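Notes follow once the structure below has been shown.
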Amino acid sequence: MTDIPEEEQWRLINKSGVLKKLKTAPEPRMEDMKTLDPLAEEILNATLYIIPISFLLLLMEMCVFIVVLSQLLIAMSSLIHFQYGKHPTLNTLVDRMVPGVPIISLFVFYTTRYKSYRKTQVFLFFLGIFSGSRMLYLLNRGSWLVNMKQCPPLATAWVYAIVQLELSPAVVSLGVVGIYVWWQGLSLRP
Numbered sequence: 145m146t147d148i149p150e151e152e153q154w155r156l157i158n159k160s161g162v163l164k165k166l167k168t169a170p171e172p173r174m175e176d177m178k179t180l181d182p183l184a185e186e187i188l189n190a191t192l193y194i195i196p197i198s199f200l201l202l203l204m205e206m207c208v209f210i211v212v213l214s215q216l217l218i219a220m221s222s223l224i225h226f227q228y229g230k231h232p233t234l235n236t237l238v239d240r241m242v243p244g245v246p247i248i249s250l251f252v253f254y255t256t257r258y259k260s261y262r263k264t265q266v267f268l269f270f271l272g273i274f275s276g277s278r279m280l281y282l283l284n285r286g287s288w289l290v291n292m293k294q295c296p297p298l299a300t301a302w303v304y305a306i307v308q309l310e311l312s313p314a315v316v317s318l319g320v321v322g323i324y325v326w327w328q329g330l331s332l333r334p
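If you count the sequence shown from 1, position 42 lands on 186 in this note's numbering, and the numbers rise without skipping.
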């Protein structure tokens, strides 16, 4: 059939009357169309509102955590400078924040999103133990330069891990850090 031109094909189809024998479907009228079941319509409307609102809620929660943790990082950095008799300059704080905020943002995004997963809780549990133990060890036995570099991020990670953990793992994590401090003979006072 590909050798026959298209005009000839249409002439043969029209001459045979095949198209006239086919029944065309009548146009649907508005009265005949069924409306959605009220329950189905309610579920559809709820879904259309719940998905974007829950996304915005998650986004706002992450923004709050990012802002608070960034301020905590600045506060810890300032406090550690003042503890050792140094006065932090704006340039010092900006140098601390520029690489810190994107890392905090990614960390907060994934841990907030998957906070209820058991693997995330286990990760936060061990992060709380490690960061708390390391920070308290450094404050007792580290040099002032190491303390100024490592303690503010460790304090921020420790606070965030404890806040995001469920209650019982958070208490156990703090207890493990307390046992570590006692076992090593560390002091909680500077």
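All C-beta atoms, glycine included, are put in the ideal place defined by N, C-alpha and C. Keep in mind the model is a prediction, meaning the values are calculated, not measured.
| Roughly how many angstroms lie between the CA atoms of Leu280 and Ile197, to the nearest whole one? | 41 Å
| task | Give every residue of the same chain whose Cβ lies closer than 7 Å to the Cβ of Asn284, excluding the five residues on either side of it in the sequence, and list them in chain order. | result | Leu330 and Ser331
| said: For Ile248, count the other beta carbons within 10 Å of its own beta carbon; 16 or more makes it buried, fewer makes it exposed. Which is it? | reply: buried
| said: Short of 8 Å in beta carbon distance, which residues of its chain neighbour Leu202, apart from the five on each side in sequence? Order them along the chain. | reply: Thr256 and Arg257
| How many angstroms separate the CA atom of Met204 from the CA atom of Val252? | 12 Å
| query | Tyr228: buried (16+ other C-beta within 10 angstroms of its C-beta) or exposed? | reply | exposed
| query | Mind checking Ile323: buried by the 16 CB within 10 Å criterion, or exposed? | reply | exposed
| request: Measure the C-alpha to C-alpha separation of Ala184 and Val212 and round it to an integer number of angstroms. | output: 42 Å
| query | Just curious, the alpha helix (DSSP H) that Ile273 is in, first and last residue? | reply | Arg262 to Arg285
| field | Pairwise C-alpha distance: Ser317 and Leu234 | value | 35 Å
| request: Below 7 Å CB to CB, which residues in the same chain sit around Met220 once its five sequence neighbours on both sides are set aside? | output: Cys295, Pro296, Ala299 and Thr300
| Where the alpha helix (DSSP H) through Tyr254 begins and ends | Leu234 to Arg257
| When the Cα of Leu282 is compared with those of His231, Val325, Gly319 and Leu216, which residue comes out closest? | Val325
| request: Could you tell me which of Gln215, Lys164, Ala190 and Gln265 sits nearest to Val245, measuring between CA atoms? | output: Gln215
| message | Check this for me: beta carbons of His104 and Met292, under 8 Å apart or not? | response | The first residue shown for the chain is 145 and the last is 334, placing residue 104 beyond what the model contains.
| field | Endpoints, the alpha helix (DSSP H) within which His225 is located | value | Pro182 to Gln227
| task | Please check the pair Leu309 and Gly272, which I expect to be a contact at CB under 8 Å, by giving their CB distance rounded to whole angstroms. | result | 6 Å
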